[in-house]
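Top to bottom, those sequences are chains A and B.
Residue numbers for the first sequence, in the working numbering: 1 to 194.
Residue numbers for the second sequence, in the working numbering: 1001 to 1194.
All C-beta atoms, glycine included, are put in the ideal place defined by N, C-alpha and C.
The structure displayed is predicted, hence computed values, not measured ones.
There are 2 protein chains.
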Amino acid sequence: MEVYDLILKNIAKHISLDESEQSYFCSLLTSKQLVFKEFVLMEHQSCQYFYFVNRGALRAYFLNKEGKESTIMFALKDWWVTDMHAFVKGQPAMLNVVALEQSEILRISKTNFDLLLKELPKFEQFFRVIFQNAYIREQLRTIQNLSLTAAERYENFILKYPAVIQQVPQKQIASYLGITPEFLSLIRRRRTEK
Amino acid sequence: MEVYDLILKNIAKHISLDESEQSYFCSLLTSKQLVFKEFVLMEHQSCQYFYFVNRGALRAYFLNKEGKESTIMFALKDWWVTDMHAFVKGQPAMLNVVALEQSEILRISKTNFDLLLKELPKFEQFFRVIFQNAYIREQLRTIQNLSLTAAERYENFILKYPAVIQQVPQKQIASYLGITPEFLSLIRRRRTEK
């Protein structure tokens, strides 16, 4: 079915599935349409799903005690996202995940995720690579936050996530980079003046 | 052999190996003794190994342009550590990894790591769990840096890594928490006065 085309291509980047394995995998997913600003996960809720963005874009953010939002990650079409600690450990979510536009997600529940790994162990390889890349992304982000200026981090961000720059409001990119929207505007102005 | 006891127990937390699989796995490792302050990895070098701490303790840190060290992670006995980006992508290391005391490591080269996953696919599950936990640790660290005061982060650190508190100089714990050693002393003084 067309709705599963993108996720099957995503899987095929790392492992091969025959037709019956594809069917089985897809049978474990549910799809959901989201309107702009609809939440797929809210903090303090239980986090029962691992989400795949089939269309549109999501943003995961943390809201601190003072009400300040910090963007933890963006997830565009073809990306996986969840509050991994809450999903794996069965703890209440710390993150909010919200649609940045009209979107469609495919999601797999924790029960079905465990079942999938048991029934089709080749998915261990798939998720090993997914988590390995996620770990690398977070480790690099920590290093870059310690080593680069905000302007350098913005240049890196443009190179790494060009699609995000197109789709996401500047305010939220500033929140990902850990700077104010005003400072990001200044960086962008200086950049075009060069 | 005794030198492999700890790593085989570490593996057995997540997957079961028969005797021939254990022998094969161990044949892919090399062991190395480290003196205090000896480097296992230096920035700009190629990062050819994934390290397991068999005895002692290591510290991975980033040195910024101004010469300031930031501790990215500690690795005590029974922990895995490397510059994951450099190891996986074959890029020059950004991290330095150094022995905090006389230590012994077991290490697997990238070539043998790939071979292991090919020959014994059950290791996909093992490293899926290792990377999943590493990703969770980094995601939580980002969230806590955004949400908690330094004193709260120190309390969390004590709860989560009691062994590190025993073994590691305060200066380096401060560097992990992103605060000055003086500020950590102040937090500790206030804490004992309570």
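Residues of chain B with CB closer than 8 Å to the CB of residue i, please, in chain order.
i: A/Phe131; result: Arg1128, Phe1131, Gln1132, Ala1134, Tyr1135
Given that residue i touches chain B, what residues does it touch there, using C-beta distances under 9 Å?
i: A/Leu146; result: Phe1062, Asn1064, Lys1068, Ser1070, Ile1072, Gly1178
Indicate the three-state DSSP secondary structure (helix, strand or coil) for residue i in the structure shown.
i: A/Leu58; result: strand
i: A/Glu104; result: strand
i: B/Pro1181; result: helix
i: B/Arg1162; result: Per the sequence shown, the amino acid found at residue 1162 of chain B is Pro instead of Arg. In this structure, B/Pro1162 counts as helix in the three-state DSSP scheme.
i: B/Val1129; result: helix
i: B/Lys1089; result: helix
i: B/Lys1194; result: coil
i: B/Val1003; result: helix
i: B/Leu1120; result: coil
Mind pulling the chain A residues with CB within less than 7 Å of residue i?
i: B/Val1088; result: Gln132, Ile136
i: B/Glu1124; result: Glu124, Gln125, Arg128
i: B/Met1094; result: Ile143
Could you tell me which chain B residues have their CB closer than 7 Å to the CB of residue i, listed as they occur along the chain?
i: A/Leu140; result: His1085
Give the interface partners of residue i over in chain A, defined as CB-CB distance under 8 Å, in chain order.
i: B/Met1042; result: In chain order: nothing, as chain A lies at least about 15 Å away.
Starting from residue i, follow its DSSP beta bridges and name the residues at the other end.
i: A/Asn96; result: A/Tyr61
i: A/Ser147; result: In the DSSP output, where bridge partners are listed per residue, A/Ser147 has none listed.
i: B/Ser1109; result: B/Tyr1049
When the cut-off is 8 Å and only beta carbons count, does residue i lie next to chain E?
i: A/Val53; result: The structure shown has no chain E; the protein chains it does contain are A and B.
I'd like to confirm something about residue i: is its beta-carbon nearer than 7 Å to some heavy atom of the ligand FAD, or not?
i: A/Gly67; result: The ligand FAD is absent from the structure shown, which contains no ligands of any kind.
Does the contact criterion of 3 or more C-beta pairs under 8 Å hold for the stretch 1034 to 1054 of chain B versus the stretch 1001 to 1019 of chain B? Touching, yes, given that three or more Cβ pairs across the two stretches are closer than 8 Å.
Can you give, in chain order, each stretch of the alpha helix (DSSP H) that sits fully within the stretch 1006 to 1084 of chain B and has at least 4 residues? Every unbroken stretch of the alpha helix (DSSP H) spanning 4 or more residues and falling wholly within the stretch 1006 to 1084 of chain B is given here in chain order: 1019 to 1027.
For the structure I just gave you, are there three or more beta carbon pairs, one from the stretch 64 to 80 of chain A and one from the stretch 17 to 28 of chain A, closer than 8 Å? Contact fails between the stretch 64 to 80 of chain A and the stretch 17 to 28 of chain A, because fewer than three Cβ pairs, one in each stretch, are under 8 Å apart.
Given 8 Å as the limit, is there contact between the stretch 1100 to 1115 of chain B and the stretch 103 to 120 of chain A, that is, 3 or more CB pairs closer than that? In this structure the stretch 1100 to 1115 of chain B does not touch the stretch 103 to 120 of chain A; the number of beta carbon pairs closer than 8 Å is below three.
Can we say the stretch 1120 to 1136 of chain B touches the stretch 122 to 139 of chain A, given the rule of at least three CB pairs closer than 8 Å? As far as the Cβ criterion goes, the stretch 1120 to 1136 of chain B touches the stretch 122 to 139 of chain A, which means the pair count is three or higher.
For the pair the stretch 75 to 82 of chain A and the stretch 1134 to 1152 of chain B, tell me if three or more CB-CB distances fall below 8 Å. Output reads no: the stretch 1134 to 1152 of chain B does not touch the stretch 75 to 82 of chain A.
How about the stretch 1086 to 1100 of chain B and the stretch 80 to 98 of chain A: do they share at least three Cβ pairs that are nearer than 8 Å? In short, these stretches do not touch, since the Cβ pair count stays below three.
Taking 8 Å as the cut-off, does the stretch 93 to 102 of chain A touch the stretch 1097 to 1104 of chain B (at least 3 CB pairs, one atom from each stretch)? Pairwise C-beta distances place the stretch 1097 to 1104 of chain B out of contact with the stretch 93 to 102 of chain A, as fewer than three of them are shorter than 8 Å.
Any chance the stretch 1151 to 1158 of chain B sits against the stretch 130 to 147 of chain A, with 3 or more Cβ pairs inside 8 Å? Result no; under three Cβ-Cβ pairs closer than 8 Å.
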